[in-house]
Structures are given as structure tokens and as C-alpha cells.
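Down below is the structure, laid out as C-alpha cells.
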Amino acid sequence: MFDKWLATLPNWKILNDLRFEWNNISYQIDSLSIFSNTIHHFEVKNYEGDYYIEKDTWYLLSGTEISNPLIQLERTESLLRRFIKNLGFNYSIESYLIFINPEFHLYHAPRNPKIIFPNQLPRFMKNLRKKTSKIAYNHTKIIDQLISYHVPDSPYMRIPKYTFDELKKGIICPSCHTFYTAFNKKYLVCDHCGNKEYVTSAVLRCIEEFTLLFPERKLTVKEIQEWSKIIPHQTVRRIIANNYKIIRQGKTSYYIHPDK
Ligand SMILES: [Zn+2]
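The sequence shown: position 231 = 1112 (the numbering used here), numbered continuously.
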């Protein structure tokens, strides 16, 4: 029903049920719309009944744990951003988790603007409609590319799979979404748009992305050094040590989020 409604927006390009496999990474996208220079990415859930959240974990009222749809959303967004970047496009991405079933209720719902509950949906749709512009941008290139990478669903490959080794490493500039190419002591300066960012904020974002994409891997200086690609070992060590809690395990050590 949501995708049918999206289709009524003039000048919006809508793609539904996309499935990408790229560098052995496989993931699905419910709805994606391109408007102006922004890609809106919608994860649509038809949950029914009562749910609750406790310490970032989602449960059915019966106490059965379900996989956190917000983390799924962020993971997909992160993969999509890298994918689009890799194709050579500069679009920003806005992601939304849409609950369409009016019989859905979530106790302890977080105040997160990315989550749209059934009673917010009419207002959300109204605001999207307001964004509609008179100018028809040409998105043919990116749409052709996205469709060419779409792989029809196969029952054997439902689980998103990608590995650390396969993903392109580097820190992405938050303002134009290209990879930073160089580091000079305190700052990262983007070659492409000139954006200047403190190395600390860039490395912290890089760590967050790493823990989101690879929850099964231990957070270590070596891993982040490799994932960031351009930040020296010493700098990574200082930033992790100042912001994360160290866990010593024999001769090796790793870090965890201070709240955990
Ligand atoms: Zn930039």
C-alpha cells in the first residue's frame, strides 16, 4: 500500500523490492525513491500487535526477541551508501522505517525521526508530497545502474552476507559522500568538496560504522586502522582509548562501547 502511494508522487522515481549482490554482499531494499539529489530509502514493516523495546532490543509482548529493524535499516543504508559511491554517484540518502499496520503498537518507542508509526504516516506522506518539485531531474543513469545490479530473489540466498575483506575501506566525507584521501595530523580535508573535519569525529564515525556492519568482529586498533585506511595506528589508538573501554584478554586486548 505504501509503494502504491509513493507511485502517485509526481517527478519521483520509485524502485521497489530491489536486491543487490555486489562484491558478494547481498541485501534487500523494500522501496527506494529518488528525488532531487536525495535517495529516500524505505524499509516497510507490516508488524501487527504489541511490541516493546528494552535496552535497544526489540521483543514481541510475549517476550520473544526479534531482530532490531532499526539496525537493519542502518546497515542497509550504510551498504547502499558505499554501493552508490562506488558506482560514482553523489546522492545523499535518507532512510525511514515505516510501520504501516494500524494494529501495531510499540511500548518504550524511541524518539527517532527515522521511525514512522502508523498514526504519523498521513503527516509523513503529506510532507513528502510537499517536497515534490516542478523540475524533473534526470535520474536515468543511476536508475539504469541500480536496475542492472538488481538480482531476483533466490530462496538460497536470503541472508545478507558480506565480509570485512570484501568491502571497500576508507572514511567517507559526510558532506559529499566521497572517500577522504589524505590525513594531516588534526584534520581530514575532502579533496572533492573541501569539507574539513576533525580526525576524532571522523574516526568515531568510522568505528560506529564498523561495529554496525560487523557486530561479530572485535573492535581493535588494527581493525579500525585497516577499515579507515588512511588513519595511522597511533592516532586510531589514541581515539579508541579515549572513547571506548578496553578489555584485556591475555596478550591481546579489544574495546567495547563504554555504555555496554
Ligand atoms: Zn566532501
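Glycine included, C-beta positions come from ideal geometry on N, C-alpha and C.
query                                                                                                                                                         : result
Return yes when at least one heavy atom of ligand 1 lies under 7 Å from the C-beta of His1073, else no.                                                       : yes
Are there 16 or more other CB atoms within 10 angstroms of the CB of Glu1089, so buried, or fewer, so exposed?                                                : exposed
Taking one C-beta from the stretch 912–925 and one from the stretch 893–904 each time, how about it: are there three or more such pairs within less than 8 Å? : yes
Thinking Phe1005 and Ile997 are a contact (beta carbons under 8 Å), I'd like their distance in whole angstroms, please.                                       : 5 Å
Determine the extent of the alpha helix (DSSP H) in which Phe964 is found, giving its start and end residues.                                                 : Pro950 to Asn967
Between Ile934 and Leu987, how many whole angstroms is the CB-CB distance? I'm expecting something under 8 Å.                                                 : 7 Å
Could you tell me which residues DSSP pairs with Trp939 in its beta bridges?                                                                                  : Ile934 and Ile947
Using three-state DSSP, classify His1138 as helix, strand or coil.                                                                                            : coil
So for Gln1130, helix, strand or coil by DSSP?                                                                                                                : strand
What does a CB cutoff of less than 7 Å around Cys1087 pick up in its chain, not counting 5 residues either side in sequence?                                  : Ile1052, Ile1105, Trp1108 and Ser1109
Is Ser1056 near ligand 1, judged by its Cβ being under 7 Å from some heavy atom?                                                                              : yes
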